[in-house]
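Residue numbers (the numbering used here), protein chains in the order written: chain X, 120 to 334; chain W, 120 to 334.
Written out below as structure tokens is the structure these notes cover.
2 protein chains.
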Amino acid sequence: MTNSTTPHTVPRASLKRLPLYLHLLENLMADGVEYVSCTQLAKEFDFDAILVRKDIELTGEVGTARIGFKVATLIGSIKSFLGWDKEQDAFLVGVGNLGKAILGYKDFKKYGLNIVAAFDNDSRKVGTKVFGYEIFSTSKFGDLAKRMHIYVGIITVPPEHAQEAVDLMVDAGIKAIWNFSPAPLRIPEGVILENVRLTQSLAVLTNKLKRVFKS
Amino acid sequence: MTNSTTPHTVPRASLKRLPLYLHLLENLMADGVEYVSCTQLAKEFDFDAILVRKDIELTGEVGTARIGFKVATLIGSIKSFLGWDKEQDAFLVGVGNLGKAILGYKDFKKYGLNIVAAFDNDSRKVGTKVFGYEIFSTSKFGDLAKRMHIYVGIITVPPEHAQEAVDLMVDAGIKAIWNFSPAPLRIPEGVILENVRLTQSLAVLTNKLKRVFKS
DNA sequence: TAGATTGTTAATCGATTAACAATC
DNA sequence: TAGATTGTTAATCGATTAACAATC
């Protein structure tokens with residue numbers, strides 16, 4: 120609403136392609152490449168060049184005919200469009216195997232996500248450290264979230280506790296939830312929920328595989 | 120081709136919704152519910168009822184007017200359609216944090232995926248056990264995959280070693296690769312590659328969040 | 001029976017692809 | 001200049017939604 124050049128809805132498919140371009144662009148930048156065309160980008164991913172152009176258009180970046188886009192500024196535009204130009208602090212709830220894996224994955228910081236603390240219900244875990252993060256009791260979540268102005272929550276608890284985690288986060292003023300649990304979750308209007316569902320990806324894989332064996 | 124009722128291409132979006140239905144149906148079944156209508160299913164997910172009907176149509180399941188679909192047989196149809204009715208054995212390569220998290224997640228077996236062994240390059244890990252799985256050297260991958268007739272490989276290595284892992288798997292006759300590394304991978308024709316890219320999901324989340332803060 | 005729901009055919013909507021003038 | 005690539009407008013394609021007769 121504040122920016123008339125931004126379309127009302129951004130295609131989810133485009134949003135998911137932009138990180139792919141970004142990753143490649145950063146490699147190009149490291150190699151000292153200054154300009155890149157949609158044609159070149161498209162070839163890398165087997166996409167249609169026009170599709171890439173449309174995606175870039177969303178970010179507001181303008182190119183130069185015959186030359187393409189300046190790698191450095193395109194990286195900036197994509198990051199800004201994705202909201203990866205400023206760090207977002209986040210709390211993680213559920214320090215099981217998956218939670219630990221996410222805490223151990225340092226690269227999220229590159230993508231604008233800065234995990235600052237982790238929480239767990241298990242009193243044996245509370246007070247310990249995992250990859251440098253102190254584990255707090257979930258009872259401290261609300262106070263800390265408010266005091267530290269945290270708006271992003273990551274859920275890596277077992278499915279049977281996922282809704283509790285959501286409720287905890289919503290009460291604490293969390294605006295965006297990145298959920299790794301397979302449970303279906305209810306959230307109030309105005310809160311963003313993004314699910315990572317491994318079984319959906321697995322379904323695509325196994326269905327394709329089934330057809331390979333059939334033919 | 121062998122089944123004229125199966126359309127040539129299955130919409131990826133449909134494939135990703137089917138596991139959601141399945142999960143709910145299994146809960147209904149556990150609660151002793153015998154029949155369910157598309158209307159009911161749709162309400163749970165805020166989908167259009169016709170969308171659900173179309174998705175179910177893909178599985179070949181036929182319902183009864185005014186009554187709906189029999190929960191038990193619908194579960195069977197979805198599982199069969201997804202290829203989750205028979206167990207697929209799989210090898211995992213890369214026993215880092217994420218690899219461990221996946222080895223520790225026992226539920227994949229419910230989804231037709233049976234991880235039977237794990238591999239790593241790190242000689243300190245080789246010979247140890249993680250969640251009951253013995254860790255083998257990657258040099259043993261090819262022999263074991265052929266001997267055990269393994270066609271599914273899971274990649275949880277760091278991005279700089281992901282292409283090596285792919286090549287290892289392809290040489291070993293792996294037909295379907297479930298890749299958790301963010302690296303762009305090259306595969307030969309005929310091999311299925313399904314990527315789990317957390318940054319894509321994160322991009323959707325942070326872009327939405329950016330717009331919340333703007334308004 | 002009445003009415004909800006299925007199965008099927010048609011309409012809409014949105015994303016992808018095509019076309020083409022402008023331009024560097 | 002010649003020609004590749006951008007920006008923009010139009011066409012196509014596929015997925016979602018709507019409409020409606022059949023049916024239990």
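We treat Cβ as the ideally placed atom computed from N, Cα and C, and that holds for glycine.
Remember, it's a predicted structure, so these values are computed and weren't measured experimentally.
- Residues of the region 151-167 of chain W with Cβ closer than 8 Å to any Cβ of chain X, in chain order: Glu163 and Phe164
- Query: Using a beta-carbon distance below 9 Å, is alanine 295/X in contact with chain W?
  - Reply: yes
- Going along the region 137-149 of chain W in order, which residues come within less than 9 Å of chain X, judged by CB to CB distance? Those would be Leu137, Pro138, Leu139, Leu141, His142 and Leu143, in chain order.
- Query: Counting only beta-carbon atoms, is aspartate 208/X nearer than 9 Å to chain W?
  - Reply: no
- Using a Cβ-Cβ cut-off of less than 8 Å, give me the residues of the region 249-275 of chain W that come near chain X, in sequence order. Tyr270 and Val271
- Query: Who does glutamine 207/X pair with in a DSSP beta bridge?
  - Reply: Leu232/X
- Task: Verify whether the separation of the beta carbon atoms of leucine 222/X and valine 214/X is less than 9 Å.
- Result: yes
- Three or more beta-carbon pairs under 8 Å between the region 134-153 of chain W and the region 182-196 of chain W, yes or no? yes
- Message: Assuming glycine 272/X is part of the alpha helix (DSSP H), what are its boundary residues?
- Response: In the DSSP assignment, glycine 272/X falls outside any alpha helix (DSSP H) and lies within the beta strand (DSSP E) extending over 271-274.
- Query: Cβ of valine 214/W less than 9 Å from any chain X Cβ?
  - Reply: Under the 9 Å criterion on CB atoms, valine 214/W is classed as non-interfacial with respect to chain X.
- Message: Using C-beta distances below 7 Å, list every residue in its chain close to phenylalanine 332/X, excluding the 5 sequence neighbours before and after it, in chain order.
- Response: none
- Starting from isoleucine 254/X, follow its DSSP beta bridges and name the residues at the other end. The partner list for isoleucine 254/X (beta bridge, DSSP) reads Ala237/X.
- When burial is assigned at 16 or more other CB atoms within 10 Å of the CB, is methionine 288/X buried or exposed? buried
- Message: When you compare the region 257-264 of chain W with the region 276-292 of chain W, are there three or more beta-carbon pairs, one atom per stretch, that lie closer than 8 Å?
- Response: yes
- DSSP three-state call for isoleucine 306/W: helix, strand or coil? DSSP, reduced to helix, strand and coil, places isoleucine 306/W outside both helices and strands of the structure shown, so it counts as coil.
- Message: Using beta carbons (cut-off 9 Å, strictly below), is phenylalanine 227/X in contact with chain W?
- Response: yes
- Can you find a CB in chain W that lies within less than 9 Å of the CB of aspartate 244/X? Position check: residue 244/X holds lysine in this sequence, whereas aspartate was assumed. It does not: the Cβ of lysine 244/X has no partner Cβ on chain W nearer than 9 Å.
- Candidates Ile311/W, Pro130/W, Tyr270/W and Phe299/W, of which the one nearest glutamine 319/W by Cα: Phe299/W
- Task: Determine the contact status of arginine 316/W and proline 138/X, defining contact as a CB-CB distance below 9 Å.
- Result: yes
- Query: Can you tell me where the beta strand (DSSP E) with alanine 295/X in it begins and where it stops?
  - Reply: 295-298
- Do we get a CB-CB distance below 9 Å when we pair alanine 237/W with the residues of chain X? no
- Query: Would a check of beta-carbon distances place serine 320/W closer than 9 Å to chain X?
  - Reply: yes
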